[in-house]
Amino acid sequence: MIQMGHDNTNTRQRMSGIQNPNTVIIPIGHTVPSLFLLQQFYQLNKPDEIRIIFVHIVQPRTTNFSLDMCMPVESSIVTTNIPMDKQQLADKRRLCLIYVHHARIHGFKAKSVIYVDSHPESALVQATKQFGGDLLLLWAPEHLSHCDRVGRDLYKYMIKHSSIPVTILPTTWQNLFPF
């Protein structure tokens, strides 16, 4: 278990006295986390003690057909409409439903959120604040796809700037979670 910049004793004391479940924020994508690793997470934790929020972050892109390449779309104003392919959004929803269904089969309270943001790091920080996250579950960079630049950047940013404890998976499964 790797945790950076947090006092685990204080966190454990605070969590042991709470009747509400602890909230675990798990960013998801097409490559990670695997349902197998989540299966082990489910077996090691009690469903009534944990609420899971799956966060899928989509970076908007526009295709320049004349150059046959995708370019990021930077929204200059928060309320600017960002073009989004309906089929791509439907695929993201299906992916989120798979993870939520898998968690619910194991008895966990789970929901998923899709953020469309050109800055995935800020979207994940916003999700941890919005849902009152107690733990952020990230995947070790060596287990990310070589194509998953967003996942690698997200990992680097959250290790340095997360306001909640971070657990990196996969790791040894003993004493994995602080609650």
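First residue of the sequence shown? That's 444 in this note's numbering, and the numbers climb one at a time after it.
Every residue gets a Cβ at the ideal spot worked out from N, C-alpha and C, and that includes glycine.
Worksheet item: In or out: Arg-494 buried (at least 16 other Cβ within 10 Å) or exposed?
Response: If you number the sequence shown from 1, residue 494 lands on position 51. Under this definition Arg-494 is a buried residue.
Item to complete: Locate the alpha helix (DSSP H) running through Ser-565, then write down its first and last residues.
Response: Counting from 1 along the sequence shown, the entry for residue 565 is found at position 122. For Ser-565, the uninterrupted alpha helix (DSSP H) segment begins and ends at 563-573.
Discussion item. Let me check understanding here. Comparing Cα to Cα, which of Gln-531, Phe-484, Gln-530, Ala-566 lies closest to Pro-470?
Written reply: Residue 470 sits at position 27 when you count from the first residue of the sequence shown. Per the C-alpha coordinates, the member of Gln-531, Phe-484, Gln-530, Ala-566 positioned closest to Pro-470 is Ala-566.
Discussion item. So, does the stretch 486-500 touch the stretch 546-566, judging by three or more C-beta pairs under 8 Å?
Written reply: Here the stretch 486-500 lies against the stretch 546-566, with 3 or more beta-carbon pairs under 8 Å apart.
Item to complete: For Arg-457, count neighbouring Cβ atoms within 10 angstroms of its own Cβ and tell me buried if that reaches 16, exposed if not.
Response: In the sequence shown, counting from the first residue as 1, residue 457 sits at position 14. Low confidence applies to Arg-457: its pLDDT is 44, below 50, so where it sits in the model is not reliable, and the reading given next is rough at best. Classification of Arg-457: exposed, given that the 10 Å Cβ count is below 16.
Fill in: 7 Å Cβ cutoff met for Val-467 and Leu-581
Residue 467 sits at position 24 when you count from the first residue of the sequence shown. Residue 581 sits at position 138 when you count from the first residue of the sequence shown. No, Cβ-Cβ distance for Val-467 and Leu-581 is not below 7 Å.
Fill in: 6 Å Cβ shell around Ile-557 - same chain, five flanking residues per side excluded
Along the sequence shown, one-based indexing puts residue 557 at 114. Around Ile-557: His-499, Lys-535.
Item to complete: Spatial neighbours of His-670 within its chain, please: CB distance less than 7 Å, with the 5 preceding and 5 following residues excluded, ordered by chain position.
Response: Because residue 670 is not part of the residues shown, which for the chain are 444 to 622, the question remains open.
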